[in-house]
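Structure first, commentary second.
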Amino acid sequence: MGEKTYKIIFLLIFCLGCARGLRPGYAQDLNQVLEGIHNHYKADNGLVIDYRREVKTRTMSMLGNKVKGDLASGKI
């Protein structure tokens, strides 16, 4: 490899190393996002979301009458 190739490789590695610490302009701080959610929903005790997850697969049905699916519900 020639001297020009080494310079290009060095510059590429240098630029990638410098760019690692940069954050995209559209990225927001997590506190700003959570504050926006709090202001929008006026949640005093935080944001509470009900969820329900149900899984039925062919593999579970092959187990016979014991297990045919999985169900979970609660609050996040």
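Take any residue in the sequence shown, count from 1 to its spot, add 414: that is its number in our numbering.
Even for Gly, the Cβ is constructed at its ideal location relative to N, Cα and C.
Since the model is a prediction, treat every value here as computed from it, not as a measurement.
Please classify residue i: does DSSP put it in a helix, a strand, or coil?
i    : result
V469 : strand
G491 : With the chain covering 415 to 490 only, the question about residue 491 has no answer from this structure.
Going by the DSSP bridge assignment, what does residue i pair with across the sheet?
i    : result
D443 : BP columns for D443 are empty, so no partner.
Nearest by alpha-carbon distance to residue i: which of the options is it?
i    : options                : result
Y465 : A486, K421, K418, Q446 : A486
Within a Cβ cutoff of 6 angstroms, which residues of the same chain sit near residue i, ignoring the five residues on either side of it in sequence?
i    : result
D484 : V469
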